[in-house]
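Taking it in order: structure first as structure tokens, then the write-up.
Printed below as a string of structure tokens:
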């Protein structure tokens, strides 16, 4: 045997050891449990950390390409299962785990991712009630972002058609599971907004496993729903399934069918409303007619309309009264005149020469009716009329 | 584009509610009230007719090769 020791370079040794690791099938796919420490994410997108337990530590690296599938943010102290192959990093002469998957222990990766995203978006205000939009009462155009195949779309269309067939439904077909689903869903929501194709959006899918529903827990989906100017109803899975989309949406429906029920009014109720309004119209008109009728009745009861002649009668009576008052006044006046006349006549009478006649005097008139006041005058007449107080006698003058 | 049936329905309902409100308010002269009543009952009739004759219109958006979109009728099997 050659005593000369075989001197290797560091690189040669490291490569040799690396080959031992790489050729050992047991190291190609290991799952190791431990707690994360020294976690660091580099700007390159690669993640470096150590997984340790009470007695040891293992350096790990998660390259950007694999980190892409991470659905949570690794943190120090977090208990994880790291999956990958163990090999040597020749530059440092240290072996490490090249992680392909990192799974949080306990809660489950998806649950953790869900909780983390939910917390982050909540902090950011994406779930704020103040941001929630009012749904239209009568949606004219309903955009449905879902898979065109399957029971969910079928149920929704059936219920929409039964409840409110006046709407137009616009299907935006997307994949609802798999790698591309979230991007497609978010894209459809943004598209509907850009093109203003509808006044209400339903985004969802039927039931499935947590993984199946995952697209609705993705940040890109949540942000597209948040950014939507069109009100969004989230309709994912069955009743107990809750997704991030449900929190961001303006309204959460328990199921796609429930979303269809929440989206539109029910024509059975609308018809009932219409019947009630018809009744209300008739009742209101009747009330109006009744009140107009009673007003009319009240008017008719007024004296002017009830007995229009009364006005005339009243006036006539006034007239009569006035007239009689007037005639009374006239009568009085006549009376006054009359009594005055009597008085005057009496005084006149007192002065009358006829009155003297009663005391034995008489008046003498000739044939011409002239008073004869002297004997000479009397001698010139043949006859004279002598008037006493009670009559006149004719006397013949004797010529001597 | 003709006015959406749902839009017509909504407009009718809004007008109808206004009419009922005005009639119930009671300050409308009788002659106008009768006019409103006629209009209201006509609206009830046309709303009912809209519902009677309506059928859910369903279209699907498809991508054009040039990147645009178009609506195509969507027929879903046994949609009853």
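Residue numbers (our numbering), protein chains in the order written: chain A, 306 to 705; chain B, 38 to 117. Note that the Cβ used here is the ideal one computed from N, Cα and C, for glycine as well. On a predicted model such as this, the values are computed, not experimentally measured, just so you know.
| Query | Result |
| --- | --- |
| Beta carbons nearer than 7 Å to chain B: which residues of the segment 573–589 of chain A have them? | 575, 576, 579, 582, 583, 585, 586 and 589 |
| For residue 44 (chain B), which residues in chain A fall below 7 Å Cβ to Cβ? | 445 |
| What residues in the segment 74–99 of chain B bring their beta carbon closer than 7 Å to a beta carbon of chain A? | 74, 77, 78, 81, 84, 85, 87, 88, 91, 92, 93, 94, 95, 96, 97 and 98 |
| Which runs of the alpha helix (DSSP H), 4 residues or longer, sit entirely within the segment 597–665 of chain A? | 608–611, 613–656 and 658–662 |
| Which residue from A:563, A:575, A:643 and A:679 puts its Cα closest to that of residue 49 (chain B)? | A:575 |
| Using the C-alpha atoms, what's the distance from residue 483 (chain A) back to residue 366 (chain A)? | 26 Å |
| I need the boundaries of the alpha helix (DSSP H) containing residue 468 (chain A), first residue and last residue. | 456–468 |
| So, helix, strand or coil for residue 398 (chain A), using DSSP? | coil |
| With burial defined as no fewer than 16 other Cβ atoms inside 10 Å of the residue's Cβ, what is the status of residue 445 (chain A): buried or exposed? | buried |
| Could you tell me which chain A residues have their CB closer than 8 Å to the CB of residue 108 (chain B), listed as they occur along the chain? | 475 |
| For the putative contact between residue 559 (chain A) and residue 465 (chain A), defined by C-beta atoms under 8 Å, what is the C-beta separation to the nearest angstrom? | Not confirmed; about 17 Å, so no contact. |
| When the Cβ atoms of the segment 373–381 of chain A are set against those of the segment 308–323 of chain A, are three or more pairs found closer than 8 Å? | no |
| By alpha-carbon positions, which one of A:355, A:342, A:694 and A:369 ends up nearest to residue 349 (chain A)? | A:369 |
| What are the partner residues of residue 321 (chain A), as DSSP defines its beta bridges? | Residue 321 (chain A) is not bridged to any residue. |
| Measure the CB-CB distance between residue 589 (chain A) and residue 54 (chain B) and report whether it falls below 8 Å. | no |
| Using alpha carbons as the reference points, say which of A:679, A:690 and A:663 lies closest to residue 669 (chain A). | A:690 |
| At a Cβ cut of 8 Å, what residues of the segment 589–610 of chain A count as close to chain B, listed as they run along the chain? | 589, 590, 592, 593, 594, 596 and 597 |
| Taking a Cβ distance cut-off of 8 Å, strictly less, list which residues of the segment 54–68 of chain B are near chain A, in chain order. | 54, 56, 57, 60, 61, 63, 65 and 67 |
| Quick check on residue 536 (chain A) - is its C-beta less than 8 Å from some C-beta in chain B? | no |
| So the alpha helix (DSSP H) residue 527 (chain A) belongs to, where does it begin and stop? | 524–532 |
| What separation, rounded to the nearest whole angstrom, lies between the Cα atoms of residue 551 (chain A) and residue 416 (chain A)? | 15 Å |
| Three-state secondary structure (DSSP) at residue 105 (chain B)? | coil |
| Going straight from the alpha carbon of residue 491 (chain A) to that of residue 519 (chain A), what length do you get? | 13 Å |
| From residue 360 (chain A) to residue 421 (chain A), what distance separates their C-alpha atoms? | 30 Å |
| What number of angstroms, rounded off, separates the C-alpha of residue 12 (chain B) from the C-alpha of residue 387 (chain A)? | With chain B represented from 38 up to 117, any question about residue 12 (chain B) goes unanswered, as that position is not in the structure. |
| If I follow the unbroken beta strand (DSSP E) through residue 258 (chain A), where does it start and stop? | In this structure chain A extends from 306 to 705, so residue 258 (chain A) is not present and cannot be described. |
| According to a CB-to-CB cut-off of less than 9 Å, which residues of the segment 459–493 of chain A neighbour chain B? | 459, 462, 463, 465, 466, 467, 469, 470, 471, 472, 473, 474, 475, 476, 477, 478 and 493 |
| Leaving out five residues before and five after residue 111 (chain B) in sequence, what residues of the same chain have Cβ atoms less than 7 Å from its Cβ? | 95, 96 and 97 |
| Taking residue 494 (chain A) as part of the beta strand (DSSP E), name the residues at either end of that continuous run. | Here residue 494 (chain A) belongs to no beta strand (DSSP E); instead the alpha helix (DSSP H) covers 486–500. |
| Could you tell me whether the segment 423–433 of chain A touches the segment 384–399 of chain A, where touching means 3 or more Cβ pairs closer than 8 Å? | no |
| Beta-carbon within less than 8 Å of residue 345 (chain A)'s beta-carbon, same chain only, minus the 5 sequence neighbours each way: which residues are those? | 352, 353 and 354 |
| Please say whether residue 399 (chain A) and residue 425 (chain A) have beta carbons closer to each other than 8 Å? | no |
| Suppose only complete runs of 3+ residues qualify. What are the beta strand (DSSP E) ranges in the segment 360–398 of chain A, listed by chain order? | 362–367 and 384–394 |
| Does the beta-carbon of residue 501 (chain A) have 16 or more other beta-carbons within 10 angstroms, so that it is buried, or is it exposed? | exposed |
| Would you kindly work out how many angstroms separate the C-alpha atoms of residue 100 (chain B) and residue 453 (chain A), rounded to a whole number? | 14 Å |
| Less than 8 Å separating the beta-carbons of residue 73 (chain B) and residue 52 (chain B)? | no |
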